[in-house]
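Undergrad:
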Amino acid sequence: MGRKSASDLPWEVLCVVAGKLEPYDRLAFGLTCKTFLEAVKAANPLECTLKKKVITQTDLRKDRMSELRPSFTLGWYKWMWSSFDRREGSRCWQRVEEHFNRTYLNHWYEYDLLYVASFQGNLNAVKWLVSQGIPLSARNASRASLSGAAGGGHIAVLEWLKGEKDLAWNWRTCCEAARGGHLDVLKWLRSQDPPAPLCSEACLEAAAGGHLDILKWLRGQGSPCPWDEWTCFHAAKGGHLHILKWLRSQDPPCPWDGFTCAEAAGGGHLEILQWLRSRSPPCRWDPEICLRKARIGRHLAVIRWIEERSSHRPAPTPRRRPRQDLGGHGLAMDHWLRTRRPNRRPWNNDTEAVRSWNPPQPWGERTCALAARRGLLHALQWIRSQDPPCPWNPEYCRRVAALNRHWEMVAWIEQNQ
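By the count of UniProt numbering, the sequence shown reaches residue 417 at its end, each step adding exactly one.
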């Protein structure tokens with residue numbers, strides 16, 4: 001009696017097997033043979049209808065991997081290396097542009113695969129990928145490997161990368177550890193000589209992930225990790241009320257602004273929005289923006305709550321605010337940036353008035369980030385050319401510019417960071 005292959009199993013059995021596969025494993029299973037691919041489609045009819053040809057898409061985004069950690073073997077990495085179109089390490093905005101222009105990609109990038117192996121903690125796979133010619137000395141490759149290992153919580157991989165390859169820490173390393181909630185990794189990174197650097201985005205990532213222990217540790221250092229409005233923004237976006245309460249209970253409290261309420265409304269977090277508006281003084285908001293974001297997300301309870309209070313909202317704020325209404329948060333500058341159209345001249349009467357006061361109206365990293373997000377290249381060049389220049393986080397500005405497809409802006413930031 002001859003040997004039988006797995007494809008000779010009864011169709012019902014194949015469908016049961018395909019239905020129990022993790023989404024990461026559908027690609028390898030479905031490409032084994034046509035029968036297996038049909039079994040994957042039959043086991044996932046709803047996804048097949050919605051996504052059409054991408055039923056076998058391997059979703060390796062950070063958020064997805066944090067929810068469901070992949071368990072790829074070394075053989076899987078070798079199979080990927082030899083079976084698919086491979087691209088050399090590519091810049092961030094080129095990958096983003098491809099995602100905007102296509103439903104899915106039929107190729108992969110070396111640095112992305114290196115990130116996955118490091119995030120998974122598969123040191124054998126990391127070593128094998130490096131042996132195939134991926135240059136860890138390249139900046140993006142170094143960043144991918146260190147960020148992946150820190151985000152996955154793998155000190156052993158970090159020790160190998162630092163000890164064997166002598167890679168330099170970058171600001172993303174601690175941010176990824178905070179994002180993943182790995183306090184032990186953060187402590188280890190900061191105990192090294194030299195220690196891995198901290199920036200305000202570490203607090204942002206911890207707040208976004210709901211990791212209160214990470215936030216307490218970051219702020220409890222001899223030189224507290226900086227934070228800003230984006231920290232409260234991402235806590236509200238993630239629906240983490242306990243994080244917001246702690247942030248605002250500190251002395252001084254973590255700053256917030258109207259975007260915090262907008263994100264709570266957009267995410268359907270009614271309890272958070274109610275808490276924000278019940279404080280003394282309440283968190284600033286724009287009811288129209290909050291209502292618009294709630295409608296986009298179809299959050300009926302939030303919509304009703306805002307509409308009940310919309311008749312009591314204050315009159316629209318004039319474009320040029322009196323100095324005493326600004327509250328020291330740079331609102332006039334932010335308002336100006338949000339209302340500009342791309343390619344307009346980088347200053348007008350409002351801007352000159354705001355910056356000509358003595359002392360001038362304060363600005364910060366958020367100002368540059370808004371300019372980058374809107375594609376206001378002339379505005380960003382102008383505020384960075386002042387004496388002293390507006391502070392910024394070039395990596396964050398580059399990322400938001402890339403996400404909004406402002407490629408000229410991205411190129412300028414690359415040249416001037």
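Beta carbons: idealized from backbone N, C-alpha and C, even for Gly. Because the structure is a prediction, the values reported are computed rather than measured.
Out of curiosity, what's the CA-to-CA distance linking Asp193 and Asp228?
TA: Taking the first residue of the sequence shown as 1, we reach residue 193 at position 193. Taking the first residue of the sequence shown as 1, we reach residue 228 at position 228. When rounded, the distance between both Cα atoms is 28 Å.
Undergrad: Are the stretch 30-41 and the stretch 133-146 touching, with three or more C-beta to C-beta distances below 8 Å?
TA: Too few Cβ pairs lie closer than 8 Å, so no.
Undergrad: Around the Cβ of His107, are there at least 16 other Cβ atoms within 10 angstroms (buried) or fewer (exposed)?
TA: Position 107 of the sequence shown, counting from 1, holds the residue named residue 107. By the neighbour-count rule (16 or more Cβ atoms within 10 Å), His107 is not buried but exposed.
Undergrad: Going residue by residue through the UniProt domain "F-box" (7-41), where are the continuous alpha helix (DSSP H) segments of at least 4 residues, counting only ones entirely within it?
TA: Listed in chain order, the complete alpha helix (DSSP H) runs (minimum 4 residues) inside the UniProt domain "F-box" (7-41) are 11-19, 26-30.
Undergrad: Helix, strand or coil for Trp169 per DSSP?
TA: Sequence index remark: in the sequence shown, residue 169 carries index 169 (1-based). Three-state result, Trp169: coil.
Undergrad: Can you round the beta-carbon distance between Ala141 and Ile134 to whole angstroms, since I take them to be within the 8 Å contact cut?
TA: Counting from one through the sequence shown, the residue named residue 141 turns up at place 141. Counting from one through the sequence shown, the residue named residue 134 turns up at place 134. With a Cβ gap of about 6 Å, Ala141 and Ile134 count as contacting.
Undergrad: Quick check: the Cα distance between Ser249 and Leu273, rounded to an integer number of angstroms?
TA: Against the sequence shown, residue 249 aligns to sequence position 249. Against the sequence shown, residue 273 aligns to sequence position 273. If you take the alpha carbons of Ser249 and Leu273, they lie about 17 Å apart.
Undergrad: Can you check whether the CB of Asn416 is closer than 9 Å to the CB of Arg384?
TA: The residue you call residue 384 lines up with position 384 of the sequence shown. The residue you call residue 416 lines up with position 416 of the sequence shown. Closer than 9 Å, so yes.
Undergrad: Report the rounded CA-to-CA distance for Gly268 versus Pro281, giving the unit in angstroms.
TA: For the purposes of this step, residue 268 is taken as residue 268 along the sequence shown, with counting starting at 1. For the purposes of this step, residue 281 is taken as residue 281 along the sequence shown, with counting starting at 1. About 23 Å.
Undergrad: Between Leu183 and Asn393, what straight-line distance do the alpha-carbon atoms span, to the nearest angstrom?
TA: For this step, residue 183 is matched to residue 183 along the sequence shown. For this step, residue 393 is matched to residue 393 along the sequence shown. When rounded, the distance between both Cα atoms is 24 Å.
Undergrad: Can you tell me which of the three DSSP states Arg87 falls into?
TA: As a first step, residue 87 is located in the sequence shown; it is residue number 87 there, counting from the start. It is a strand residue.
Undergrad: Determine whether the Cβ of Leu146 lies closer than 9 Å to any Cβ atom of chain D.
TA: Among the protein chains of the structure shown there is no chain D, as only one such chain exists.
Undergrad: Nearest CA to the CA of Asp213: which residue from His234, Arg61, Leu247?
TA: Your numbering for residue 213 matches position 213 in the sequence shown. It is Leu247 whose Cα lies nearest to the Cα of Asp213.
Undergrad: Count the CB pairs spanning the stretch 116-132 and the stretch 64-74 that are closer than 8 Å, and state whether there are at least three.
TA: Flag = yes, the stretch 116-132 and the stretch 64-74 touch.
Undergrad: Does the count of Cβ pairs from the stretch 253-265 and the stretch 230-239 closer than 8 Å reach three?
TA: Yes: the two stretches touch, three or more of their Cβ pairs being nearer than 8 Å.
Undergrad: Within 10 angstroms of its Cβ, does Gly364 collect 16 or more other Cβ (buried), or is it exposed?
TA: Here residue 364 is taken as the residue at index 364 of the sequence shown, counted from 1. Buried is the call here.
Undergrad: Anyone know if the C-beta pair for Leu189 and Thr231 falls short of 9 Å?
TA: Here residue 189 corresponds to residue number 189 of the sequence shown, with the count starting at 1. Here residue 231 corresponds to residue number 231 of the sequence shown, with the count starting at 1. No, Cβ-Cβ distance for Leu189 and Thr231 is not below 9 Å.
Undergrad: Please classify Trp11 as buried or exposed, where buried requires at least 16 other C-beta atoms within 10 Å of its C-beta.
TA: Stepping through the sequence shown from its first residue, residue 11 is reached at position 11. The residue is exposed, with fewer than 16 neighbouring Cβ atoms inside 10 Å.
Undergrad: Out of Leu9, Ala43, Gly375, state which residue places its alpha-carbon closest to the alpha-carbon of Ala18.
TA: As a working note, residue 18 is residue 18 in the sequence shown. That would be Ala43, whose Cα lies nearest to the Cα of Ala18.
Undergrad: Below 8 Å, is the gap between the Cβ of Ala294 and the nearest heavy atom of the ligand HEM?
TA: The model depicted lacks the ligand HEM and carries no ligand whatsoever.
Undergrad: What does the alpha-carbon distance come out to for the pair His406 and Ala372?
TA: Within the sequence shown, the letter at position 406 stands for residue 406. Within the sequence shown, the letter at position 372 stands for residue 372. Whole-angstrom Cα-Cα distance: 8 Å.
Undergrad: Return the chain-ordered list of same chain residues with a C-beta closer than 6 Å to the C-beta of Asn170, the five sequence neighbours on each side being excluded.
TA: Counted from its first residue, the sequence shown places residue 170 at position 170. For Asn170, where only same-chain residues beyond five positions count, the Cβ hits under 6 Å are Arg143.
Undergrad: Over the uninterrupted alpha helix (DSSP H) stretch that includes His378, give me the two end residues.
TA: On the sequence shown, residue 378 is found 378 positions in, with the first residue counted as 1. Note, His378: alpha helix (DSSP H), 377-384.
Undergrad: Should Ser200 be labelled buried (16 or more other beta-carbon atoms within 10 Å of its own) or exposed?
TA: Numbered from its first residue, the sequence shown carries residue 200 at position 200. It counts as buried.
Undergrad: Identify, in the order they occur along the chain, each residue of the same chain with its Cβ nearer than 7 Å to the Cβ of Asp59, setting aside the five sequence neighbours on each side.
TA: Within the sequence shown, residue 59 is the residue found at index 59, counting from 1. For Asp59, where only same-chain residues beyond five positions count, the Cβ hits under 7 Å are Pro23.
Undergrad: Is His154 helix, strand or coil when you go by DSSP?
TA: Within the sequence shown, residue 154 is the residue found at index 154, counting from 1. Three-state DSSP puts His154 in coil, outside helix and strand.
Undergrad: Do you know offhand how far Ile413's Cα is from Gly220's?
TA: Position 413 of the sequence shown, counted from the first residue, corresponds to residue 413. Position 220 of the sequence shown, counted from the first residue, corresponds to residue 220. For Ile413 and Gly220, the distance between alpha carbons rounds to 33 Å.
Undergrad: Among all the DSSP beta bridges, which residues are the ones paired with Tyr109?
TA: For the purposes of this step, residue 109 is taken as residue 109 along the sequence shown, with counting starting at 1. Paired residues: Arg87.
Undergrad: For Gln132, count the other beta carbons within 10 Å of its own beta carbon; 16 or more makes it buried, fewer makes it exposed. Which is it?
TA: Start at 1 with the first residue of the sequence shown, and residue 132 comes out as number 132. Exposed, because fewer than 16 other Cβ atoms sit within 10 Å of the Cβ of Gln132.
Undergrad: Buried or exposed: where does Val40 fall if 16 or more other Cβ atoms within 10 Å of its Cβ makes it buried?
TA: By 1-based counting over the sequence shown, the position of residue 40 is 40. So Val40 counts as buried.
Undergrad: When we look at the beta-carbon of Leu244 and count the other beta-carbons within 10 Å, is it buried (16 or more) or exposed?
TA: As a working note, residue 244 is residue 244 in the sequence shown. That one is buried.
Undergrad: What separation, rounded to the nearest whole angstrom, lies between the Cα atoms of Asp166 and Trp128?
TA: Within the sequence shown, numbered from 1, the residue matching residue 166 stands at position 166. Within the sequence shown, numbered from 1, the residue matching residue 128 stands at position 128. Using only the alpha carbons, I get a separation of about 18 Å.
Undergrad: For Ala196 and Arg304, what's the separation of their Cα atoms in angstroms?
TA: On the sequence shown, position 196 is the one that residue 196 refers to. On the sequence shown, position 304 is the one that residue 304 refers to. Taking the straight line joining both Cα atoms gives about 47 Å.
Undergrad: Within its chain, find whatever has a CB closer than 6 Å to the CB of Ala208; leave out the 5 residues flanking it on each side and keep chain order.
TA: As a working note, residue 208 is residue 208 in the sequence shown. Cβ within range, chain order: His234, Gly238.
Undergrad: Below 9 Å between beta carbons: does that hold for Val185 and Gly153?
TA: Locating residue 185 in the sequence shown gives position 185, counting from the first residue. Locating residue 153 in the sequence shown gives position 153, counting from the first residue. Yes, these two residues count as a Cβ contact at 9 Å.
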